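Here the structure comes first, spelled out in structure tokens, and everything after it is commentary.
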Amino acid sequence: MNPYPAVDPIPLPAPVWLMKLLHLVTLSLHFVAVEMLLGGLLLAILLSLLGSSANAHTTARALARRLTIVMTFVINLAVPPLLFAQVLYGRALYTSSVLIGVYWIALIPTLILVYWLLYKFSARLERGQSAWWVGLIAWLLAGGVARVLSTNMTLMLRPEAWRNMYAASAMGAYLPTGDRTLEPRWLMMLAGGLLIGGLWLVYLAGRSTFTAEEKRFVAGLGGKVAAGFGLVYLAAGLWAAHVQPEAVKIGLTHGVANHALYRYEGFAGYGWIALVVVAVLVGAIAGFGKIAAGWLGWAGVLTAVLVEIMLTVYRDGVRDVTLLSKGYDVWDRAVATNWGVVGLFLVLFVAGLGVIGWLVSVAARAQKTMEGAA
Ligand code: HEM
């Protein structure tokens, strides 16, 4: 019996390829912001708890000041991929969301709490008060949000489990574990946080708001964290790919009939490995050489963004091939493109990016105070 709810009779208002492209672009950016939050926050907590030097406190404060802004990007860059995912995969995603409904709805108050705690964390650090425990609560909650998202994104790929789950309880209070792809996937996002968080510090080390001594400290710490946890991230990623069902692995390496794209999405996996290795090298150069050069920071930023793009493309292939093997073809949809609306959307999309660029340039030109200043 077909486990999926009936297709919405209203056709898609834009081609599937365009929806997918926009989904991949916005989701990659969401992942960059998520990793900065998870990794940057953990580093700030550890620095404020264990660091005894003035450099450690300055670095913790510098991260905490920026985390509230990072959180706005986490959320704003999460809404578009959520909307595209619902349009493309709604019949699977809505079903899994209903099954874990209690936790899914709980994400909203949890996120508000995380946001508030980030402000508290930063304010306490500014006042020189003990702050690590506030940060830790925020980090645990953010890790919980990541866990619920990983749970939903893996449960949506298991239509064979839905019927029995719903028959046993319609409460929506499931938080399933037994899926062998879930743990590596979640752990991978957590380890990736420290890779991206480390590269973020390498970038920050190039800023003129740090003294020469602070720069060496920030670059040395960030680079070593990026290099070490880049290797953990690599291992977790290989584990996550290894535990995929055989049909998915074969589909991504040899292709699937009539779906040449999936072979290329499979290649993105190799691109991801190569880029993580580059990120580890960038980290090692900055970390062991204590080099706080602007070019190295930007190399780290570029590598971080490319790593997340490759991950997102490969992950997209995993989802599509898994669902295809279970009778759900994302390309098999009626489309009636409304080009006027698509055109207007693209104009607004580009204008929105322009406004963000302007905002960033204003922030960059603003009068700077030294990070270590009280
Ligand atoms: C603390 C805040 C957040 C964290 C730590 C976080 C973390 C994550 C993680 C780890 C994943 C990947 C899950 C996986 O595939 O294993 C993910 C995906 C996703 N997140 Fe977030 N997220 C946060 C906020 C949000 C918010 C506020 C939204 C929605 C408005 C959102 C929407 C999504 C969506 C839609 C995906 C998956 C998209 C797809 O696969 O198509 N996230 N997030």
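Numbering (the working numbering), first residue to last: 317 to 690.
All C-beta atoms in this analysis are idealised placements derived from N, C-alpha and C, irrespective of residue type, glycine included.
These numbers were taken from a predicted model, which means no experiment stands behind them.
Quiz item: Would a C-beta distance cut-off of 7 Å place Leu-511 and Tyr-549 closer than the cut-off?
Solution: yes
Quiz item: What is the DSSP secondary structure of Leu-328, counted as helix, strand or coil?
Solution: strand
Quiz item: Based on the DSSP secondary-structure assignment, which residues constitute the bridge partners of His-723?
Solution: Residue 723 is absent from the structure shown; the chain starts at 317 and stops at 690.
Exercise. Check each candidate in Ala-408, Asn-318, Leu-383 and Gly-538 and name the one with the smallest Cα separation from Leu-597.
Key: Gly-538
Self-check item: Near the ligand HEM: Val-390 beta-carbon under 6 Å from a heavy atom
Solution: yes
Quiz item: When the Cα atoms are used, what is the spatial distance from Val-518 to Met-626?
Solution: 21 Å
Quiz item: Can we count Leu-398 as close to the ligand HEM, meaning its CB is less than 6 Å from some heavy atom?
Solution: yes
Practice problem: Mind listing, in chain order, the continuous alpha helix (DSSP H) runs of no fewer than 4 residues lying wholly within the segment 352-436? | Solution: 370-392 and 395-415
Quiz item: Taking just the CA atoms, how far does Leu-457 sit from Leu-354?
Solution: 10 Å
Quiz prompt | Start-to-end residues for the alpha helix (DSSP H) that takes in Pro-475 | solution = 475-484
Quiz prompt | Length-filtered (3 minimum) beta strand (DSSP E) runs lying within the segment 488-534 | solution = none
Quiz item: Relative to the ligand HEM, is the shortest distance from any of its heavy atoms to the C-beta of Leu-393 smaller than 6 Å?
Solution: no
Self-check item: Inter-residue CB distance, Leu-434 and Ala-462 (contact presumed, cutoff 8 Å)
Solution: In fact, because the Cβ distance is near 15 Å, the residues do not count as touching under 8 Å.
Quiz prompt | Start and end residues, alpha helix (DSSP H) containing Arg-631 | solution = 610-640
Quiz item: Mapping DSSP to helix, strand and coil, what is Val-341?
Solution: helix
Quiz item: Any heavy atom of the ligand HEM within a distance shorter than 6 Å of the CB on Ala-462?
Solution: yes
Practice problem: Could you give the DSSP three-state label for Val-658: helix, strand or coil? | Solution: helix
Quiz prompt | Own chain, CB closer than 6 Å to Phe-533, minus 5 neighbours either side, in chain order | solution = Asn-371
Quiz item: What number of angstroms, rounded off, separates the C-alpha of Pro-329 from the C-alpha of Gly-656?
Solution: 10 Å
Quiz prompt | Assigned exposure category for Glu-530 - 16 Cβ within 10 Å defines buried | solution = buried
Quiz prompt | Backbone secondary structure at Val-666 - three-state DSSP | solution = helix
Quiz item: Would the segment 641-652 and the segment 363-383 be scored as touching if the rule is three or more Cβ pairs under 8 Å?
Solution: no
Self-check item: Outcome for Ser-446 when other beta-carbon atoms lying within 10 angstroms are tallied against a minimum of 16
Solution: exposed
Quiz prompt | Meets three-Cβ-pair contact criterion under 8 Å: the segment 593-611 and the segment 469-477 | solution = no
Quiz item: Should Ala-401 be listed as close to the ligand HEM, given that the test is whether its C-beta is under 6 Å from any heavy atom?
Solution: yes
Quiz prompt | Three-state secondary structure (DSSP) of Val-671 | solution = helix
Exercise. Pull up the distance between the alpha-carbon of Gly-585 and that of Asn-574, whole angstroms please.
Key: 21 Å
Quiz item: Is Ser-485 near the ligand HEM, with its Cβ less than 6 Å from a heavy atom?
Solution: no
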